[in-house]
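Colleague: Protein chains in written order, with my numbering: chain V, 195 to 478; chain H, 1086 to 1554. We put the CB at the ideal spot given by N, CA and C, even for glycine. From a predicted model like this one, the values you see are computed outputs, not experimental measurements. Dumping the structure here so I can ask a few things about it.
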């Protein structure tokens, strides 16, 4: 049967066979790699962990049950606790908002200097990109812990740490947005004799603004989570309250704080995804 | 066309509306007012009060330099202790006896002077001499005379030739501190004299103080490991090298590298687990795959809950169940990201084109094959790029979860910071973390580019791109 087929068809058939073989080798290799990673990871985890996975899993609900039982015993005054911790929540949001604002401003300047279509000098672009890389790669926690040691316990170290991280992370996204803008408006402005600043203001910013806003809103959401975590290590706000109450085993307070946090995050999540989608035209 | 004609004909484009002017003014004013309130409420103006330059410069110095301590008690002037970083465990040959002459191992910057005093030479060319009853400093910059410090009858330190002392000598009631620059420091107390001598670099980084390989240095030790006689007759030089490096008592390489591995695996396994859970669940939450509304709604709400309860709270819950260790981190990351990836992927599935699925259906393929060849190829790029993006950000997250109590490099770092003295270790760990995060970042963007060939786009932009097609 095969011999009766035209020659080029046999060639295609063989080609297909060899492609299928390569493909199955690749998928086999990637599955093997995956299994190797999972297996070695589990070994590392099992050695490093205090409790084995089979002992730990059934205890998963212990803590949530403890919390609920504790707050049940606390009684009906539980909802007053929400009011009590509201100021702390506001101070955490304040930290996040302020550092997002300043960080975005810094990110904007950094991104202009690290975009190839705005800056001719390659070294400048490279230097600013590396600066952003370093700012972005340090976890906020590391910077915050060192600054907490140097400046004492207050919100300031957390704000500085978040600003640094925000500047790096947003700067990269901003410069990608700037590099992807349409060249024509910039060239048009240039042909009218517009200055460098005017070109950026009317040629770049007008095009990239929706993206900038999208990224900034997303970053604000991330920063609220970050400032809560930094509260844990001494930056104040609701994170610190959560930490203290967990240490003191005040279940009702703990759950009130968790409730505030989760509802804030969920509300913000909905709000920001709505804004973002309307900004980039996913919802019209 | 002149200016007024342009304004007349294109007024809707050229002239800004009054209402939008009002709005933008209010917006700018609002932002300024908020910034002022925030600056006041966050105590930003107090920064100069909290910032102590001395503490900061000591901190900075400690990250890249090390110091040797020389301590002499006035009560036992012959028993001078020379130690590295003032540690009891790293003394240059235990009580350093002047009467027996210099011991076999002593720092080259110490010597015995003509009157039996111990001379400590500094990098600035000066000396500090420890006598039985006095301390002198000679030949220090900007001062020609030799300054003599003694104890008075009440046992308080004083300077013998006290007129026109240089500014860098601070005399208080119980202590005299001589500190011409950050690199040398002589402190005279009523009980003891303490001399700090700073050197650049991380000392004993490869091998610790007591290691048999320490005198060789790293390069000689490496060449010894391939040839030469055994230093320790029991094991080969190569295994000795590895063992001594990992068990370094000052830098704890073995411990730190293991912690780093734990953190990497936390991120890796957490993200992998999230991908394995989130991907199939996303299909059940997409309306073009699952016709049952209540299944979709339940899954959607589940994703929202998993995501909304921050990984901080998840890690607290898992910490109670598993105790400190990587499992806590793995599960906290996996649970949070199952929510995120699930939501994202279900939106991506809903945005896929129907035509490809219909094409597969026209060949007579069943539902499973339709999904396999009609939908998965469309959503695979966004799935891979998002998973890689989460892997990268989870590496940072794993450090944070670690510090919250899950172990790994985060906890090590927190411990080192809390000691308040081992800043060189903090620096070392920070650089390791930085290296790992940058490595993950580059690797994931390389893989992404190789697989997808597109630059990194945010999730929403990829969705928008799909929707516009």
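For the beta strand (DSSP E) that residue 1232(H) lies in, which residues bound it at each end?
Modeller: Residue numbering aside, residue 1232(H) sits at position 147 when the second chain is read from its first letter. From DSSP, the beta strand (DSSP E) with residue 1232(H) extends over 1232 to 1236.
Colleague: Restricting to Cα atoms, I'd like to know which of 1438(H), 1442(H) and 1397(H) is closest to residue 1488(H).
Modeller: Counted from its first residue, the second chain places residue 1488(H) at position 403. The candidate whose alpha carbon is nearest that of residue 1488(H) is 1397(H).
Colleague: Answer yes if the region 1146 to 1165 of chain H comes into contact with the region 1268 to 1283 of chain H, meaning at least three C-beta pairs across the two stretches below 8 angstroms, and no otherwise.
Modeller: Enough Cβ pairs lie closer than 8 angstroms, so yes.
Colleague: Taking only beta-carbon atoms, is residue 1135(H) less than 8 angstroms away from chain V?
Modeller: For the purposes of this step, residue 1135(H) is taken as the residue at position 50 of the second chain. Taking Cβ atoms only, chain V reaches closer than 8 angstroms to residue 1135(H), which makes this a yes.
Colleague: So residue 1417(H) is in the beta strand (DSSP E); what residue range does that whole segment cover?
Modeller: Here the question's residue 1417(H) lines up with position 332 in the second chain. From DSSP, residue 1417(H) is part of no beta strand (DSSP E) but of the alpha helix (DSSP H) over 1411 to 1435.
Colleague: Measure the C-alpha to C-alpha separation of residue 1240(H) and residue 1499(H) and round it to an integer number of angstroms.
Modeller: Counted from its first residue, the second chain places residue 1240(H) at position 155. Counted from its first residue, the second chain places residue 1499(H) at position 414. If you take the alpha carbons of residue 1240(H) and residue 1499(H), they lie about 41 angstroms apart.
Colleague: Would you mind telling me which residues of chain H sit closer than 9 angstroms to residue 150(V), beta carbon to beta carbon, in chain order?
Modeller: Missing from the structure shown is residue 150(V); chain V here goes from 195 to 478 and no further.
Colleague: Quick check on the burial criterion: 16 or more other C-beta atoms within 10 angstroms. Buried or exposed for residue 1442(H)?
Modeller: Indexing the second chain from 1 puts residue 1442(H) at position 357. When all chains shown are included, residue 1442(H) counts as buried.
Colleague: Whose CA, out of 206(V), 308(V), 222(V) and 249(V), lies closest to the CA of residue 371(V)?
Modeller: In the first chain, residue 371(V) corresponds to position 177, counting from 1. Ranking 206(V), 308(V), 222(V) and 249(V) by Cα distance to residue 371(V) puts 308(V) first.
Colleague: Quick check on DSSP: helix, strand or coil for residue 214(V)?
Modeller: In the first chain, counting from the first residue as 1, residue 214(V) sits at position 20. Reduced to three states, the DSSP call for residue 214(V) is helix.
Colleague: Under a Cβ-count criterion, where at least 16 other Cβ atoms within 10 Å of its own Cβ denotes burial, should residue 1278(H) be classed as buried or exposed?
Modeller: As a first step, residue 1278(H) is located in the second chain; it is residue number 193 there, counting from the start. So residue 1278(H) ends up on the buried side.
Colleague: For residue 463(V), decide whether its Cβ has a neighbour in chain H, counting only Cβ atoms nearer than 8 angstroms.
Modeller: The residue given as residue 463(V) occupies position 269 in the first chain. Chain H, which has a Cβ nearer than 8 angstroms to the Cβ of residue 463(V), makes this yes.
Colleague: Distance check for residue 1385(H) and residue 403(V), CA to CA, integer angstroms please.
Modeller: Here residue 403(V) refers to the residue found at position 209 when the first chain is read from its first residue. Here residue 1385(H) refers to the residue found at position 300 when the second chain is read from its first residue. If you take the alpha carbons of residue 403(V) and residue 1385(H), they lie about 31 angstroms apart.
Colleague: Using a threshold of 8 angstroms, state whether the C-beta atoms of residue 436(V) and residue 448(V) are closer than that.
Modeller: One-based indexing of the first chain puts residue 436(V) at position 242. One-based indexing of the first chain puts residue 448(V) at position 254. Contact flag set, yes.
Colleague: Have a look at residue 319(V) and residue 368(V) and give me their C-alpha separation to the nearest angstrom.
Modeller: Counted from its first residue, the first chain places residue 319(V) at position 125. Counted from its first residue, the first chain places residue 368(V) at position 174. Rounded to the nearest angstrom, the two C-alpha atoms are 14 angstroms apart.
Colleague: Look up residue 1187(H) in the DSSP assignment and say whether it is helix, strand or coil.
Modeller: For the purposes of this step, residue 1187(H) is identified with residue 102 of the second chain, where counting begins at 1. Note that residue 1187(H) scores a pLDDT of 44, beneath 50, so its modelled location is shaky; the value from the coordinates is reported in the next line. Here residue 1187(H) sits in coil by DSSP.
Colleague: Among the residues of its own chain, which have a CB less than 7 angstroms from the CB of residue 313(V), if the five just before and after it don't count?
Modeller: Counted from its first residue, the first chain places residue 313(V) at position 119. Here the set comprises 307 and 319.
Colleague: In angstroms with no decimal places, state the Cα-to-Cα distance between residue 1245(H) and residue 1225(H).
Modeller: By 1-based counting over the second chain, the position of residue 1245(H) is 160. By 1-based counting over the second chain, the position of residue 1225(H) is 140. One C-alpha to the other measures close to 17 angstroms.
Colleague: If you draw a straight line from the C-alpha of residue 1065(H) to the C-alpha of residue 450(V), how long is it?
Modeller: Not covered by the structure: residue 1065(H). The range shown for chain H is 1086 to 1554.
Colleague: Quick one: is residue 227(V) near chain H, going by C-beta distance under 8 angstroms?
Modeller: Translated into positions along the first chain, residue 227(V) becomes position 33. Residue 227(V) does not count as touching chain H.
Colleague: Tell me the DSSP bridge mates of residue 1151(H)?
Modeller: Translated into positions along the second chain, residue 1151(H) becomes position 66. Residue 1151(H) pairs with 1284(H).
Colleague: Could you tell me whether the Cβ of residue 440(V) comes closer than 8 angstroms to any Cβ of chain H?
Modeller: Taking the first residue of the first chain as 1, we reach residue 440(V) at position 246. True, the Cβ-Cβ gap to chain H drops below 8 angstroms.
Colleague: Give the range of the beta strand (DSSP E) segment to which residue 1208(H) is assigned.
Modeller: In the second chain, the residue the question calls residue 1208(H) occupies position 123. Here residue 1208(H) belongs to no beta strand (DSSP E), and DSSP marks it neither H nor E.
Colleague: 8 angstroms is my cut-off, CB to CB: does residue 387(V) come that close to chain H?
Modeller: Counting from one through the first chain, the residue named residue 387(V) turns up at place 193. No, its Cβ sits nowhere closer than 8 angstroms to a Cβ of chain H.
Colleague: For residue 1365(H), count neighbouring C-beta atoms within 10 Å of its own C-beta (all shown protein chains included) and say buried if the count is 16 or more, exposed if not.
Modeller: What you label residue 1365(H) is simply residue 280 of the second chain in a count that begins at 1. Looking at its Cβ environment, which holds fewer than 16 other Cβ atoms inside 10 Å, residue 1365(H) is exposed.
Colleague: Tell me the DSSP bridge mates of residue 1215(H)?
Modeller: Against the second chain, residue 1215(H) aligns to sequence position 130. Paired residues: 1203(H) and 1220(H).
Colleague: Quick one: is residue 333(V) near chain H, going by C-beta distance under 8 angstroms?
Modeller: Within the first chain, the letter at position 139 stands for residue 333(V). Yes, residue 333(V) lies at the interface with chain H (some Cβ there is under 8 angstroms from its Cβ).
Colleague: Would you mind telling me which residues of chain H sit closer than 7 angstroms to residue 230(V), beta carbon to beta carbon, in chain order?
Modeller: Mapped onto the first chain, residue 230(V) falls at position 36. Residues of chain H passing the Cβ test: none, with the nearest at roughly 11 angstroms.
Colleague: Do three or more CB pairs link the region 1468 to 1480 of chain H to the region 1343 to 1357 of chain H at distances below 8 angstroms?
Modeller: The region 1468 to 1480 of chain H vs the region 1343 to 1357 of chain H: in contact.
Colleague: Count the other C-beta atoms from every protein chain shown that fall within 10 angstroms of the C-beta of residue 1088(H), then say buried if there are 16 or more, exposed otherwise.
Modeller: The sequence position of residue 1088(H) within the second chain is 3, counting from 1. Residue 1088(H) should be labelled exposed.
Colleague: Check each residue of the region 1322 to 1355 of chain H: if its Cβ is closer than 7 angstroms to any Cβ of chain V, include it; give the result in chain order.
Modeller: So the list reads 1346, 1347, 1350, 1353 and 1354, given in the order they occur along the chain.
Colleague: Let me make sure I understand the geometry here. Which of 1289(H), 1339(H) and 1405(H) has the alpha-carbon closest to that of residue 1302(H)?
Modeller: In the second chain, the residue the question calls residue 1302(H) occupies position 217. Nearest option by C-alpha distance: 1289(H).
Colleague: Can you tell me the Cβ-Cβ gap for residue 355(V) and residue 341(V), rounded? I've got them flagged as a contact below 8 angstroms.
Modeller: Here the question's residue 355(V) lines up with position 161 in the first chain. Here the question's residue 341(V) lines up with position 147 in the first chain. Sure, about 6 angstroms apart at Cβ, within 8 angstroms.
Colleague: What three-state label does DSSP hand residue 1525(H) in the structure shown?
Modeller: Residue numbering aside, residue 1525(H) sits at position 440 when the second chain is read from its first letter. Correct three-state label for residue 1525(H): helix.
Colleague: Give, in chain order, every residue of the region 1483 to 1494 of chain H whose Cβ lies closer than 7 angstroms to some Cβ of chain V.
Modeller: Those would be 1484, 1485, 1488, 1489 and 1492, in chain order.
Colleague: To the nearest angstrom, how far is it from the Cα of residue 241(V) to the Cα of residue 235(V)?
Modeller: As a working mapping, residue 241(V) is identified with position 47 in the first chain. As a working mapping, residue 235(V) is identified with position 41 in the first chain. About 10 angstroms.
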